[in-house]
Amino acid sequence: MRVSTLLLLCCLGAFPLTVAAGADDRIQGIPVIERLDVDALEPGKIHRLYFESVEMGSGQRWYVPVMVAKGAKPGKRVLLVAGVHGDELTPVATVHEAFRKLDPTKLSGSVIGIVGINRPGIEYITRTWPTKKLGTTWVNPNRIFPGKEAGNSVERQAWLVMERLVKGNVDVAVDMHTGGNGSDFALFIFAYAGDPESLALADLFPVDQIKRDPGLEGTFEYALVKAGIPALTLELGGPRGYEPDMVKAGVEGIDNMLAHYGLSGQKVGRTAASVNAFRGNALVDVVADTGGFVEYLVQLNDAVTEGQKLAIQRNAFGDVVREYKATAAGRIAIRGTDAIRERGSDIAVILTDRPDCPPEGCPYYAGDER
Numbered sequence: 085m086r087v088s089t090l091l092l093l094c095c096l097g098a099f100p101l102t103v104a105a106g107a108d109d110r111i112q113g114i115p116v117i118e119r120l121d122v123d124a125l126e127p128g129k130i131h132r133l134y135f136e137s138v139e140m141g142s143g144q145r146w147y148v149p150v151m152v153a154k155g156a157k158p159g160k161r162v163l164l165v166a167g168v169h170g171d172e173l174t175p176v177a178t179v180h181e182a183f184r185k186l187d188p189t190k191l192s193g194s195v196i197g198i199v200g201i202n203r204p205g206i207e208y209i210t211r212t213w214p215t216k217k218l219g220t221t222w223v224n225p226n227r228i229f230p231g232k233e234a235g236n237s238v239e240r241q242a243w244l245v246m247e248r249l250v251k252g253n254v255d256v257a258v259d260m261h262t263g264g265n266g267s268d269f270a271l272f273i274f275a276y277a278g279d280p281e282s283l284a285l286a287d288l289f290p291v292d293q294i295k296r297d298p299g300l301e302g303t304f305e306y307a308l309v310k311a312g313i314p315a316l317t318l319e320l321g322g323p324r325g326y327e328p329d330m331v332k333a334g335v336e337g338i339d340n341m342l343a344h345y346g347l348s349g350q351k352v353g354r355t356a357a358s359v360n361a362f363r364g365n366a367l368v369d370v371v372a373d374t375g376g377f378v379e380y381l382v383q384l385n386d387a388v389t390e391g392q393k394l395a396i397q398r399n400a401f402g403d404v405v406r407e408y409k410a411t412a413a414g415r416i417a418i419r420g421t422d423a424i425r426e427r428g429s430d431i432a433v434i435l436t437d438r439p440d441c442p443p444e445g446c447p448y449y450a451g452d453e454r
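As structure tokens, this is what we get:
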């Protein structure tokens with residue numbers, strides 16, 4: 085069935101949502117929207133929606149899955165995001181598991197889940213978004229926010245998400261990621277130091293490491309906090325697969341959020357303080373300065389001292405060509421996983437606490453995994 089009006093009676097009730105003009109009202113039985121209005125949704129239910137987003141080169145549209153657990157009572161509106169990078173899939177499982185546990189009839193407030201903002205990235209299991217400019221240009225979507233209304237496809241996608249999904253619907257948010265291909269990330273949080281509530285939000289998660297961070301322009305997290313929405317970036321291990329322990333920890337933190345903000349009526353459980361999370365204000369890269377085959381001598385979360393040997397690199401004949409050492413004391417936050425590392429790729433990244441960093445923490449750009 086096609087619609088000629090701009091309203092869809094969501095879930096067969098009298099709660100209108102704006103529908104894309106000229107689009108089918110449902111895909112596989114799921115209502116299609118072009119703008120989210122959480123206040124218009126029926127309370128006490130979980131709503132499944134497809135958000136009609138940016139068009140492809142063919143003129144057809146990408147559709148982003150959106151779930152809304154609308155509580156029976158009013159309260160905070162919490163956003164959970166997975167799939168800004170399409171090869172980072174443990175966050176997808178974390179959103180699914182968090183929603184599986186929700187009972188909207190007992191919820192005060194709303195939980196919104198967005199899975200796969202980077203639609204082509206999800207489909208092809210890649211970090212980036214392909215744009216057709218001088219062939220194919222691969223763009224990191226998490227350097228584009230808040231996007232541009234009249235920008236290219238990925239810039240407009242970021243703008244549509246901010247303007248038509250997030251604004252007016254969200255009070256606090258968690259954007260979930262993992263390490264990229266060839267690397268693994270600790271259970272880790274980038275906590276924006278310019279916003280006290282974002283820092284407090286990080287403390288609700290029982291993570292291994294927390295970086296006090298000045299924010300990185302273009303990231304979804306930074307766009308959220310600049311829009312007045314407390315937010316953090318949560319890192320959940322490595323790419324492409326599901327890591328059950330990371331899913332469990334992520335959901336535990338989300339449960340704490342819902343308890344803290346009064347959505348669930350439950351008590352806050354384990355926190356960053358109770359698991360003695362390591363805190364730092366700077367990330368330091370140890371980078372390969374030649375190509376070769378690498379034997380890693382440390383694991384994620386290992387405490388290291390300055391000068392400690394981290395890895396050995398050999399050439400094709402088995403000769404040792406490099407030994408890589410820690411350039412700062414701290415914890416291993418990111419570690420390479422591929423046995424081959426070419427010049428310029430990270431061997432490891434160390435979270436450390438530097439006295440020369442400003443109060444908001446040192447920026448991190450080289451090899452930035454967010």
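So for the sequence shown, my numbering puts the first residue at 85; every next one is plus one. We put the CB at the ideal spot given by N, CA and C, even for glycine. Since we're looking at a predicted model, the values are computed, not measured.
Exposure label - Arg203; buried when at least 16 CB within 10 Å: Along the sequence shown, read from residue 1 onward, the residue named residue 203 stands at position 119. Flag for Arg203 reads buried.
Just to check my reading of the structure: Gly170 and Phe229 have Cβ atoms closer than 8 Å, yes? What is that Cβ distance to the nearest angstrom? Counted from its first residue, the sequence shown places residue 170 at position 86. Counted from its first residue, the sequence shown places residue 229 at position 145. Actually they do not touch by this definition, with Cβ atoms about 16 Å apart.
Taking DSSP as the reference, what is the three-state secondary structure of Gln112? Here residue 112 refers to the residue found at position 28 of the sequence shown. Gln112 falls in the coil class under three-state DSSP.
Under 8 Å, with one C-beta from each stretch per pair, do the region 308-319 and the region 246-258 reach the 3-pair mark? yes
From the DSSP output, in three-state form, read off Lys216 for me. As a working note, residue 216 is residue 132 in the sequence shown. Coil at Lys216, not helix or strand.
When you compare each of Ser142, Glu305, Val148 to Thr317 by their alpha carbons, which one comes out closest? Position 233 of the sequence shown, counted from the first residue, corresponds to residue 317. Thr317 has its Cα closest to that of Glu305, out of Ser142, Glu305, Val148.
How would you call Gly325, buried or exposed, if buried means at least 16 neighbouring beta carbons within 10 angstroms? Reading the sequence shown from its first residue, position 241 is the one you call residue 325. Exposed, since its Cβ has fewer than 16 Cβ neighbours within 10 Å.
Going by DSSP, what residue range makes up the beta strand (DSSP E) through His459? Outside the displayed range of the chain (85 to 454) lies residue 459, so it cannot be described from this structure.
Beta-carbon separation of Leu347 and Ser192 under 8 Å? If you number the sequence shown from 1, residue 347 lands on position 263. If you number the sequence shown from 1, residue 192 lands on position 108. Yes; because the gap between Cβ atoms is below 8 Å, this pair is in contact.
Tell me which same chain residues have a C-beta within less than 8 Å of the C-beta of Lys157, skipping the five on either side of it? Locating residue 157 in the sequence shown gives position 73, where the first residue counts as 1. Closer than 8 Å at Cβ, skipping near neighbours: Pro127, Leu191, Ser192, Gly193.
Bridge partners for Trp222 per DSSP, in chain order? As a first step, residue 222 is located in the sequence shown; it is residue number 138 there, counting from the start. Paired residues: Pro214.
Looking only at its chain, what residues have a beta carbon closer than 7 Å to the beta carbon of Ala423, apart from the 5 residues adjacent to it on each side? As a working mapping, residue 423 is identified with position 339 in the sequence shown. Contacts found: Phe377, Val378.
Inside the region 222-252 only - beta strand (DSSP E) runs reaching at least 3 residues: none
What are the residues that DSSP puts in a beta bridge with Thr317? Taking the first residue of the sequence shown as 1, we reach residue 317 at position 233. DSSP lists Asp259, Phe274 as partners of Thr317.
Close beta carbons around Val433, own chain, < 6 Å, minus the five adjacent residues each side: As a first step, residue 433 must be located in the sequence shown, where it is residue number 349. Answer for Val433: Leu367, Asp369, Ala417, Ile418, listed in chain order.
Give the range of the alpha helix (DSSP H) segment to which Ala333 is assigned. Position 249 of the sequence shown, counted from the first residue, corresponds to residue 333. Counting along the chain, the alpha helix (DSSP H) containing Ala333 begins and ends at 328-344.
Name the DSSP beta bridge partners of Lys295, please? Here residue 295 is taken as the residue at index 211 of the sequence shown, counted from 1. Its beta-bridge partners are Phe274, Gly364.
In angstroms, rounded to a whole number, what distance separates the CA positions of Pro439 and Gly420? Stepping through the sequence shown from its first residue, residue 439 is reached at position 355. Stepping through the sequence shown from its first residue, residue 420 is reached at position 336. Each residue's alpha carbon lies about 27 Å from the other.
Residues of its chain near Leu435, where Cβ-Cβ distance is below 7 Å and the 5 sequence neighbours each way are ignored: Along the sequence shown, one-based indexing puts residue 435 at 351. For Leu435, where only same-chain residues beyond five positions count, the Cβ hits under 7 Å are Gln293, Lys295, Phe362, Gly364, Leu367, Gly414, Arg415, Ala417.
Measure from the alpha carbon of Ala242 to the alpha carbon of each residue in Arg406, Gln383, Trp146, then state which is nearest. To locate residue 242, count along the sequence shown from 1; it is residue 158. Considering only alpha carbons, the answer is Trp146.
Pick from Leu283, Arg132, Thr221 that is closest to Pro149, judged by C-alpha positions: Numbered from 1 along the sequence shown, position 65 holds the residue referred to as residue 149. For Pro149, the nearest C-alpha among the options comes from Arg132.
Closest Cα partner of Arg119 within the set Ser137, Tyr276, Arg354, Val335: The sequence position of residue 119 within the sequence shown is 35, counting from 1. If we check each option's Cα against that of Arg119, Ser137 comes out closest.
Distance CB(Tyr298)-CB(Thr355) smaller than 8 Å: As a first step, residue 298 must be located in the sequence shown, where it is residue number 214. As a first step, residue 355 must be located in the sequence shown, where it is residue number 271. Here residue 298 turns out to be Pro, not Tyr, going by the sequence shown. No, they are not a contact pair.
Through-space distance from Asn399 to Gly353, alpha-carbon basis: For the purposes of this step, residue 353 is taken as residue 269 along the sequence shown, with counting starting at 1. For the purposes of this step, residue 399 is taken as residue 315 along the sequence shown, with counting starting at 1. Cα-Cα distance, rounded: 49 Å.
Check each candidate in Arg425, Ser237, Met246 and name the one with the smallest Cα separation from Ser142. What you label residue 142 is simply residue 58 of the sequence shown in a count that begins at 1. Selected option, being the one with the closest Cα: Ser237.
How many angstroms separate the CA atom of Asn385 from the CA atom of Gly402? One-based indexing of the sequence shown puts residue 385 at position 301. One-based indexing of the sequence shown puts residue 402 at position 318. Answer to the nearest angstrom: the Cα atoms are 29 Å apart.
Rounded to whole angstroms, how far is the Cβ of Val388 from the Cβ of Asp430, which I believe are closer than 8 Å? Indexing the sequence shown from 1 puts residue 388 at position 304. Indexing the sequence shown from 1 puts residue 430 at position 346. About 15 Å; that fails the 8 Å criterion.
Looking at C-alpha atoms only, which residue of Leu173, Val122, Lys185 is the closest neighbour of Lys160? Looking up residue 160 in the sequence shown gives position 76. Ranking Leu173, Val122, Lys185 by Cα distance to Lys160 puts Val122 first.
Cα-Cα separation between Lys351 and Ala343, rounded to whole angstroms: As a first step, residue 351 is located in the sequence shown; it is residue number 267 there, counting from the start. As a first step, residue 343 is located in the sequence shown; it is residue number 259 there, counting from the start. Roughly 6 Å between the two C-alpha positions.
Length of the line joining the Cα atoms of Gly263 and Gly322: Taking the first residue of the sequence shown as 1, we reach residue 263 at position 179. Taking the first residue of the sequence shown as 1, we reach residue 322 at position 238. Whole-angstrom Cα-Cα distance: 5 Å.
In the DSSP assignment, the alpha helix (DSSP H) including Arg203 goes from what residue to what residue? By 1-based counting over the sequence shown, the position of residue 203 is 119. 203-208 is the span of the alpha helix (DSSP H), which, as asked, contains Arg203.
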